[in-house]
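Novice: Below is the structure I would like to discuss, written out as structure tokens.
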Amino acid sequence: MPTFEAARSGMLWDATAVPNAFFCEYMPAAPENHVKVYLYGLMWAHSGLGDEEGLLDEMANALHLSREEVERAMRYWERCRLVERVQDLPPRYRFVSVQQVMLQKQQMPHDEDYESFAQAVYSAFGDRRKLHGGETVLAYEWVEQFRLPAEVVLMLIQHMINTRGINFSFKDAQKVAVELCEQHVSTIEEAEAIFTRSDAAMKGARKILSHLGMRRSPSMDEMDLYLKWTEEWGFEPKAIQEACKETVKGTPNFAYLDKVLENLHARTLGKATTEAQVQKALESEKAETACIRELLQTLGISMAVISEGLRAEYRSMAENGHELVMLAAREVVSHGRAHTLDRVKQLLDAWIEKGLTTVSAANAYLGEVEKLNAQIRMLMEVAGASGGCTKANRDNLTQWQSQWHMPQEMILLAAEFAHGKDKPMAYMHKLLSGWHEQGIANLADARAEHEKRTAQPKGESKPAPAAKRVVEQQYAQRDYDPDEFDEIPEDQLEEMNRK
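Under our numbering, the first residue of the sequence shown is numbered 49, with each subsequent residue one higher.
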């Protein structure tokens, strides 16, 4: 235990002196996290409490870094000679005076490998750029810590000069070094293959920036996006340039273009990769958007953005053509119920189940339905009732006319006999069914049979029959009744009406 020690809580109110030489000579080239580690460690060293165990872990927690990142930073500062490692297990470090390091640089032992590497780096820049010592130290970290051959790192530096300019950031170069490490590059040939790919990405990304109206070099992130578009998604360069036209709808940048290409890739299942294919796909999308807008407008639905989910829903409905979708939409609107896409979809499904997959077939079916409805409305009027235009009643009417071959005047007579009944159509069906079974085919026999069935004791009066109506030429123009919209199963209709 030390004889004298400071209270740990007092550290918050103390100050740590950092020479300006550190800020000028070492900090500019050092990675951000390395600077944090140095300053935090320097604070502990000056506090007099730096001999406590577990400080590296505490430092990692405080700076939101891993223990490995902290140790990597300390190795970096060792290479800069601002820190000396005096013990391995557990690790202990001594912070050396910045002034002392700068004054004694010539007297310190030489690291021949490092000195040779540094000289090669300086030669790559010549007199075009003055390097900070920390920059060459960082580059040498790629040799020692990433296990990259020195010649590969030197090739990396030359590649950055060629693609990013003489004043490239060593922090950007480190991203490439990390990629080389992850690819386990160990030879110049392997590195050259990656740099060739990177050069192509640089040129391609620069052309994209030009199409977006930007006159600058692409960032590393933008080059990564370009590589994703071309290598992972398979877009040809001219296809990407064609997609740039879509960015005029928002802020033209790589992020917007990435979203355009992502949607295009997903929608075409990766099949639209050439300029012509992309152009065709984008034109198809515009046409689809116009169709969706027309559908929404017909239904009275306002929607600013057409989502991919809505597009998918529309495509499922439009498998038999847009005009069939619009016909179904107009049918939904004409019946005065909730104008929703669900109702359009359910009506289309009902039509398709009936084999109505064309507009002409659907119109013919609707025409037949309307003719039957007009007859039903007339019969209901004779019976002193209204409504009744349901699928069940249309099926009954079709059976009377087409299967039983009942004359129209007998159907009308049944309607007169059904006057005042709670369920006139059901009563008519009962009468006509009986006549059909008995072979009655004329009005006189039908009246006689009905009077026989309804004969009442003397003294009781029966209601007078309603006035006879003429059926011929009584069909109304197409007039929609809310009760007639029953092509959809009843359980689904009830569910929709609750919405």
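The beta-carbon is built from N, C-alpha and C at its ideal position, and this holds for glycine as well.
It should be emphasised that the depicted structure is a prediction, and the values quoted were computed from it without experimental measurement.
At 3 residues or longer, and completely inside the stretch 278–323: list those beta strand (DSSP E) runs for me, N to C.
Specialist: If we require 3 residues or more, the stretch 278–323 turns out to have no beta strand (DSSP E) run fully inside it.
Novice: Rounded to whole angstroms, how far is the Cβ of Val-553 from the Cβ of Glu-132, which I believe are closer than 8 Å?
Specialist: A question about residue 553 goes unanswered here, because the residues of the chain that appear run from 49 up to 547.
Novice: Using the C-alpha atoms, what's the distance from Ser-364 back to Gly-357?
Specialist: Your numbering for residue 357 matches position 309 in the sequence shown. Your numbering for residue 364 matches position 316 in the sequence shown. Roughly 11 Å between the two C-alpha positions.
Novice: Anyone know if the C-beta pair for Val-191 and Leu-179 falls short of 8 Å?
Specialist: Taking the sequence shown and counting its residues from 1, one reaches residue 191 at position 143. Taking the sequence shown and counting its residues from 1, one reaches residue 179 at position 131. Result no, Cβ atoms of Val-191 and Leu-179 do not sit closer than 8 Å.
Novice: Quick one: any contact between the stretch 458–478 and the stretch 428–437, if contact means 3 or more CB pairs under 8 Å?
Specialist: Yes, since at least three Cβ pairs between the stretch 458–478 and the stretch 428–437 fall closer than 8 Å, the two stretches touch.
Novice: Just the Cα atoms here: how many angstroms apart are Pro-285 and Ile-236?
Specialist: The count along the sequence shown starts at 1 and reaches residue 285 at position 237. The count along the sequence shown starts at 1 and reaches residue 236 at position 188. Rounded to the nearest angstrom, the two C-alpha atoms are 28 Å apart.
Novice: Consult DSSP for Gln-134 and reduce its assignment to one of helix, strand or coil.
Specialist: Here residue 134 refers to the residue found at position 86 of the sequence shown. In the sequence as presented, Gln is not what sits at residue 134; that position holds Val. In this structure, Val-134 counts as strand in the three-state DSSP scheme.
Novice: On the DSSP bridge assignment, give the partners of Tyr-141 in chain order.
Specialist: Residue numbering aside, residue 141 sits at position 93 when the sequence shown is read from its first letter. Arg-133, per the DSSP bridge assignment.
Novice: Taking 6 Å as the limit between beta carbons, can you name the residues of its chain near Ala-366, skipping five residues before and five after?
Specialist: Within the sequence shown, numbered from 1, the residue matching residue 366 stands at position 318. Here the set comprises Val-373.
Novice: Which residue's Cα is closest to the Cα of Gly-89: Pro-76, Ala-77 and Asp-105?
Specialist: Counting from one through the sequence shown, the residue named residue 89 turns up at place 41. Taking only the C-alpha atoms, the option nearest Gly-89 is Asp-105.
Novice: Look at the alpha carbon of Phe-218 and the alpha carbon of Val-85, and state the distance between them as a whole number of angstroms.
Specialist: Position 170 of the sequence shown, counted from the start, is the residue given in the question as residue 218. Position 37 of the sequence shown, counted from the start, is the residue given in the question as residue 85. Near 19 Å, if we compare the C-alpha coordinates of Val-85 and Phe-218.
Novice: Using 8 Å as the threshold, is the C-beta distance between Ala-412 and Val-392 below it?
Specialist: In the sequence shown, the residue the question calls residue 412 occupies position 364. In the sequence shown, the residue the question calls residue 392 occupies position 344. No, these two residues do not count as a Cβ contact at 8 Å.
Novice: Work out the CA separation of Leu-130 and Cys-79 for me, nearest whole Å.
Specialist: As a working mapping, residue 79 is identified with position 31 in the sequence shown. As a working mapping, residue 130 is identified with position 82 in the sequence shown. Per the sequence shown, the amino acid found at residue 79 is Pro instead of Cys. One C-alpha to the other measures close to 15 Å.
Novice: Beta-carbon within less than 6 Å of Ala-221's beta-carbon, same chain only, minus the 5 sequence neighbours each way: which residues are those?
Specialist: Here residue 221 refers to the residue found at position 173 when the sequence shown is read from its first residue. For Ala-221, where only same-chain residues beyond five positions count, the Cβ hits under 6 Å are Met-208.
Novice: Is Thr-406 helix, strand or coil by DSSP?
Specialist: Along the sequence shown, read from residue 1 onward, the residue named residue 406 stands at position 358. Correct three-state label for Thr-406: coil.
Novice: With DSSP as the reference, label Lys-178 as helix, strand or coil.
Specialist: As a first step, residue 178 is located in the sequence shown; it is residue number 130 there, counting from the start. If DSSP states are grouped into helix, strand and coil, Lys-178 belongs with coil.
Novice: Which residues in the same chain as Thr-295 place their Cβ atom closer than 6 Å to its Cβ, once the five residues preceding and following it in sequence are excluded?
Specialist: Sequence index remark: in the sequence shown, residue 295 carries index 247 (1-based). Cβ neighbours of Thr-295 beyond the five flanking positions: Tyr-304 and Leu-305.
Novice: Beta-carbon separation of Asn-81 and Ala-108 under 8 Å?
Specialist: Residue numbering aside, residue 81 sits at position 33 when the sequence shown is read from its first letter. Residue numbering aside, residue 108 sits at position 60 when the sequence shown is read from its first letter. Cβ atoms of Asn-81 and Ala-108: not closer than 8 Å.
Novice: Closest to Leu-343 by CA distance: which of Val-380, Ala-225 and Met-271 is it?
Specialist: Within the sequence shown, residue 343 is the residue found at index 295, counting from 1. The shortest Cα separation from Leu-343 among Val-380, Ala-225 and Met-271 belongs to Val-380.
Novice: Mapping DSSP to helix, strand and coil, what is Met-75?
Specialist: Taking the first residue of the sequence shown as 1, we reach residue 75 at position 27. Coil, per DSSP.
Novice: What separation, rounded to the nearest whole angstrom, lies between the Cα atoms of Glu-401 and Gly-369?
Specialist: Translated into the one-based positions of the sequence shown, residue 401 becomes position 353. Translated into the one-based positions of the sequence shown, residue 369 becomes position 321. Those two C-alpha atoms are separated by around 16 Å.
Novice: Assuming Met-250 and Thr-211 make a contact with CB atoms under 8 Å, what is their CB distance in whole Å?
Specialist: Start at 1 with the first residue of the sequence shown, and residue 250 comes out as number 202. Start at 1 with the first residue of the sequence shown, and residue 211 comes out as number 163. Correct: roughly 5 Å between the Cβ atoms.
Novice: Quick test of your reading: Leu-260 and Ala-291, contact by CB under 8 Å. State the CB separation rounded to the nearest angstrom.
Specialist: What you label residue 260 is simply residue 212 of the sequence shown in a count that begins at 1. What you label residue 291 is simply residue 243 of the sequence shown in a count that begins at 1. Contact doesn't hold; Cβ gap of about 11 Å is too wide.
Novice: Comparing C-alpha positions only, which one of Ile-214, Val-200, Phe-216 and Gln-325 sits nearest to His-232?
Specialist: Working through the sequence shown from its first residue, we reach residue 232 at position 184. Of Ile-214, Val-200, Phe-216 and Gln-325, the residue nearest in Cα terms is Val-200.
Novice: When DSSP labels each residue in this structure, what does Gly-482 get in the three-state scheme?
Specialist: In the sequence shown, the residue the question calls residue 482 occupies position 434. Of the three classes helix, strand and coil, the one that applies to Gly-482 here is helix, per DSSP.
Novice: CB-CB under 6 Å to Lys-516, same chain, minus the five flanking residues each way: which ones, in chain order?
Specialist: For the purposes of this step, residue 516 is taken as residue 468 along the sequence shown, with counting starting at 1. Unreliable placement is indicated for Lys-516, whose pLDDT of 46 sits below 50; the coordinate value is still reported in the next sentence. Nothing meets the Cβ criterion.
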